Structure formats: structure tokens, C-alpha cells
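Protein chains in written order, with our numbering: chain A, 2 to 189; chain B, 2 to 189.
Everything on this sheet refers to the single structure shown next.
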């Protein structure tokens, strides 16, 4: 690792600054070719990693979300996720809050699964996945005005088939195949 | 699926338009609450899906890339990828071109693996993964000025350990765990 220099970054210029992210161009110099240019990308305005929670029920089911996503103008099957925009909360507390707000569930125990970037050419966001054991419904979801979210409960032993054969019109977030890898590995 | 209405989208307004993507705000109305707002997001200017290629050698190795990513100011382990920005080429032809340009490899046969969105709250991009069998090095990579990319050859039976224990300073694109799921499933 240490010997690879990569691109050398110069100043960044902010163009449009939004609430959640900013459109940015950053100068770079490639030491291999000596040339410079700029890379257009997005910088998250919310600190920390995005938190995803994978609730597992005592019946061997995983609870996913069907979320209407404006950028795709479509429903998407994905994990319940939240930004670290609640003052003073750590990632597990964010996972707990999102699980209750988006799905109306609570869980008994949380474990870290995996984390990392997922759209590396565009944005500095990273996502941290937590598994939530003993998940059970406790209330109705409390959705925000910007949210259209429905729970999707799938038996874990049918998750692979469901992801590969989703209902018509439902896109599947490809990151769920990584979740499936971990559920298979954990033999849940 | 059909009964779920989701959010109703109104007009979009383009703010900064870049070469590869545009910062956009789109009005939405939530039929559940009757309220409206806008969603800030990114629209790709390049048509089609992003193509990722997973080359498999006859020695049972997978060839990944260590790519320096400006948005993260870091090297990232990920798949060899390309945009559909070469006139008239289909996804497999893009996969072939990127495999040769970024890694200096050719392959004998290509199969579709999986596809879908991966950053659903931010951007309309979708990624299509292809596996490339019989991959072998034929030339030196032909990198662009904006690219700092090195091949990383990992025996498939050690890929899980490598992804979970990467060299220090190397981020791992979480989508690779989805690739690992398919390689495990295919028993390659």
C-alpha cells in the first residue's frame, strides 16, 4: 500500500450546496503522467457513516424495506437506513431509532456486520451494516413527509430467491446481495 | 406492488450540470400526508448502466482493482468498472474494453451476474455485473490521466478473508460482498 502514491489532490470548489450534500469539483494531479484535471463529485454534509439495520425475527425472517426513491422514480427493496443526523447518537442508537421510526420494530441485540464505501467515484459516503436480533413489531411506523416506506418480511431461507425474482416493478439494491452473503456466512 | 402509490413527482430543477452528472432538486408530493417538498439528488448524464466486470483466471483467481478515488481521497478495492460512454457499444463490449484498458486483460467468455441500483437516495445510477471467464493478461493497462488503478489478483478461496482483512489504508467497496455471494453460489 504505502508505495502507491495515487492522485494528489488540490483545492476543492463547492458549486451547489444542499442540505444533505454539496456538488464539488476537486483538482487532482496524476504523478504518473504529470497532468492535472478536476474530478466532479459529491460531499456529504451530514457527518459519519450511513447506518443500515438488518432486523432478524425469532421466526427466521429478515425485515427489509420497500422504499420509494425519488432519484429512481421507483420503489426499491433495500435495508432500513438512516443518516447520523440525530445529535449525540452513536451508530447503534441510530439503528434503533430508524428501526422504530421506519418499520415500527424493536430488537433485542445488535451486532456490527460490515462497512465501507459503495459509490466510490461519486461520493464520500460509507455505509455501516448492523444486524438486529430478536426483532419484533412494537408500534406503527412514524414516517416523515418525505418518506414512503413499507416493511417487507422475507424468510431468510427464501431471501436469495426473492432478491433474484422480485415482484414486478420493484428494483433491488445490489448491496442486499452482500447482506445475503453475511446471513449465509453466519448460518442464520 | 401495484397498489402502492409512492411519492408523486413534480418538476425537477437542474442546478450545477457537470460532464458526468447534474445536481438536481425534484418536487414531490406525499399522497399519504398531502405535503410537498423537494428531494435533492444527482442525475447521471451518461446513458445506460455502469458496467462492472469480474475477471476469473484459469488459476481460480479473481482480478480486482485498487483504484484511487478522489471523493474518498483514498485507495479503494473494487471491481473494474466503466461508464457506457463509448458510442454504439453494448454492456459486454464495455466490459471487454474496460478489462483491457484498466487491467490489460482479455477474457474468453462473459456471463451476466446481477444488476441494480446501489445509492438509491442520491442517484439514478444502476450497476450491471458481468463475470469474465478465462481472463489472462495480454498487455499493459492503458490508463487515462484521471485514473490511478492497479490490478489486485486474489485466489477466490481467499477472497472472503481478503475482503474482511484488507491491507491497511485500503477501503473495500461493500458491493464486493455481493460479488462474493455470487462467486460462492456459482461454486467457482
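We treat Cβ as the ideally placed atom computed from N, Cα and C, and that holds for glycine.
Nothing here was measured: the structure is a model prediction, and the numbers come from that model.
Note down, one range per segment and in chain order, each alpha helix (DSSP H) of at least 4 residues found wholly within the stretch 88-135 of chain A. Unbroken alpha helix (DSSP H) runs of no fewer than 4 residues, entirely contained in the stretch 88-135 of chain A, are found at 92-99, following chain order.
Can you give the Cα-Cα distance for residue 12 of chain A and residue 72 of chain B, rounded to whole angstroms? Residue numbering aside, residue 12 of chain A sits at position 11 when the first chain is read from its first letter. Residue numbering aside, residue 72 of chain B sits at position 71 when the second chain is read from its first letter. In this structure, the CA atom of residue 12 of chain A is about 13 Å from the CA atom of residue 72 of chain B.
Does the stretch 50-61 of chain A come within contact of the stretch 18-38 of chain A, defined as at least 3 CB pairs closer than 8 Å? No contact exists between the stretch 50-61 of chain A and the stretch 18-38 of chain A.
Output, in chain order, the set of chain A residues within a Cβ distance shorter than 8 Å of residue 146 of chain B. Residue numbering aside, residue 146 of chain B sits at position 145 when the second chain is read from its first letter. At a C-beta separation below 8 Å, residue 146 of chain B has these neighbours in chain A: 31, 34, 36 and 38.
Below 6 Å CB to CB, which residues in the same chain sit around residue 183 of chain A once its five sequence neighbours on both sides are set aside? Taking the first chain and counting its residues from 1, the one referred to as residue 183 of chain A is at position 182. So the list reads 114, once near-sequence residues are dropped.
How long is the line joining the alpha carbons of residue 90 of chain A and residue 163 of chain A, rounded to whole angstroms? Here residue 90 of chain A corresponds to residue number 89 of the first chain, with the count starting at 1. Here residue 163 of chain A corresponds to residue number 162 of the first chain, with the count starting at 1. The alpha-carbon atoms of residue 90 of chain A and residue 163 of chain A are separated by roughly 34 Å.
What's the gap between the Cα of residue 77 of chain A and the Cα of residue 70 of chain A? Locating residue 77 of chain A in the first chain gives position 76, counting from the first residue. Locating residue 70 of chain A in the first chain gives position 69, counting from the first residue. If I take the Cα positions, the gap works out to 7 Å.
Integer-rounded CB distance, given that residue 176 of chain A should sit under 8 Å from residue 119 of chain A: As a working note, residue 119 of chain A is residue 118 in the first chain. As a working note, residue 176 of chain A is residue 175 in the first chain. So it is a contact: roughly 6 Å between Cβ atoms.
Strictly below 8 Å CB to CB, what residues from chain A border residue 99 of chain B? Along the second chain, read from residue 1 onward, the residue named residue 99 of chain B stands at position 98. At a C-beta separation below 8 Å, residue 99 of chain B has no neighbours in chain A, since its nearest C-beta there lies roughly 13 Å away.
Beta carbon proximity, residue 49 of chain A to chain B, threshold 9 Å: Sequence index remark: in the first chain, residue 49 of chain A carries index 48 (1-based). Closer than 9 Å: no.
Are there 16 or more other CB atoms within 10 angstroms of the CB of residue 122 of chain B, so buried, or fewer, so exposed? Here residue 122 of chain B refers to the residue found at position 121 when the second chain is read from its first residue. Buried: at least 16 other Cβ atoms inside 10 Å.
Residue 176 of chain A versus chain B: which residues are under 7 Å apart at the beta carbon? Numbered from 1 along the first chain, position 175 holds the residue referred to as residue 176 of chain A. Taking the beta carbon of residue 176 of chain A as reference, the chain B residues within 7 Å of it are 119, 175, 176 and 179, listed in sequence order.
Residues near residue 3 of chain B in its chain [Cβ-Cβ closer than 8 Å; skip 5 each side]: Within the second chain, the letter at position 2 stands for residue 3 of chain B. Low confidence applies to residue 3 of chain B: its pLDDT is 45, below 50, so where it sits in the model is not reliable enough to give any reading.
Those residues which DSSP pairs with residue 51 of chain B across a bridge: Counted from its first residue, the second chain places residue 51 of chain B at position 50. Paired residues: B:128.
Contact list for residue 66 of chain B against chain A, beta-carbon separation under 7 Å: In the second chain, residue 66 of chain B corresponds to position 65, counting from 1. Within 7 Å of the CB of residue 66 of chain B, no CB atom of chain A is found; the nearest one sits about 10 Å away.
Check whether the stretch 128-140 of chain A and the stretch 100-112 of chain A are in contact - that is, three or more C-beta pairs closer than 8 Å. Between the stretch 128-140 of chain A and the stretch 100-112 of chain A there are three or more inter-stretch CB-CB distances shorter than 8 Å, so the stretches are counted as touching.
Using a threshold of 9 Å, state whether the C-beta atoms of residue 74 of chain A and residue 46 of chain B are closer than that. Residue numbering aside, residue 74 of chain A sits at position 73 when the first chain is read from its first letter. Residue numbering aside, residue 46 of chain B sits at position 45 when the second chain is read from its first letter. For residue 74 of chain A and residue 46 of chain B, no; Cβs fall outside 9 Å.
Rounded to a whole number of angstroms, what is the C-alpha to C-alpha distance between residue 16 of chain B and residue 127 of chain A? The count along the second chain starts at 1 and reaches residue 16 of chain B at position 15. The count along the first chain starts at 1 and reaches residue 127 of chain A at position 126. Answer to the nearest angstrom: the Cα atoms are 25 Å apart.
Taking residue 85 of chain A as the query, report the chain B residues whose CB atoms sit under 8 Å from its CB, ordered along the chain. On the first chain, position 84 is the one that residue 85 of chain A refers to. Annotation: residue 85 of chain A has no Cβ neighbours in chain B at a cutoff of 8 Å; minimum Cβ distance is about 14 Å.
Taking only beta-carbon atoms, is residue 125 of chain B less than 9 Å away from chain A? As a working note, residue 125 of chain B is residue 124 in the second chain. With 9 Å as the cut-off, residue 125 of chain B counts as an interface residue toward chain A.
Give me the DSSP bridge partner(s) of residue 42 of chain A. The residue you call residue 42 of chain A lines up with position 41 of the first chain. DSSP output for residue 42 of chain A lists A:25 as bridge partner(s).
Look at the alpha carbon of residue 171 of chain B and the alpha carbon of residue 81 of chain A, and state the distance between them as a whole number of angstroms. Residue 171 of chain B sits at position 170 when you count from the first residue of the second chain. Residue 81 of chain A sits at position 80 when you count from the first residue of the first chain. Their Cα atoms are separated by approximately 27 Å.
Under 9 Å, Cβ to Cβ, is there at least one residue of chain B near residue 182 of chain A? For the purposes of this step, residue 182 of chain A is taken as residue 181 along the first chain, with counting starting at 1. By the rule that beta-carbons nearer than 9 Å mark a contact, residue 182 of chain A touches chain B.
Within its chain, find whatever has a CB closer than 6 Å to the CB of residue 6 of chain A; leave out the 5 residues flanking it on each side and keep chain order. Numbered from its first residue, the first chain carries residue 6 of chain A at position 5. Excluding sequence neighbours, residue 6 of chain A sits near 32.
Are the C-beta of residue 72 of chain A and some C-beta of chain B separated by less than 9 Å? Position 71 of the first chain, counted from the start, is the residue given in the question as residue 72 of chain A. With 9 Å as the cut-off, residue 72 of chain A counts as an interface residue toward chain B.
If you measure from the beta carbon of residue 6 of chain A to each beta carbon in chain B, is any gap under 9 Å? Here the question's residue 6 of chain A lines up with position 5 in the first chain. Interface flag for residue 6 of chain A against chain B is set, since a Cβ pair is found closer than 9 Å.
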